[in-house]
Amino acid sequence: MEINKTILISIYVLVGLYMLYKLFFRKSPYQDDYEKLYNEILNSDKYKVKGQFDKEE
């Protein structure tokens, strides 16, 4: 009986910790827009800067 109580308490603690994590560490909607724009700038040829290492042969 003692083991069952310990298991139930540990499950409740894990669920509570998960809910606190989701509450405090969720992304804001602005973060998604920022990441999308940042990835577009990094990976796009439109914003590519030609430098001394970009030698066309």
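Residues in the sequence shown are numbered consecutively from 1, following the working numbering.
Glycine included, each C-beta is placed from N, C-alpha and C at the ideal position.
- One alpha carbon belongs to N39, the other to Y18, and they sit about 29 Å apart.
- In this chain, the alpha helix (DSSP H) harbouring Y18 covers 2 to 24.
- The beta carbons of I41 and Y34 sit no closer together than 7 Å.
- DSSP places K36 inside the alpha helix (DSSP H), whose first and last residues are 29 to 43.
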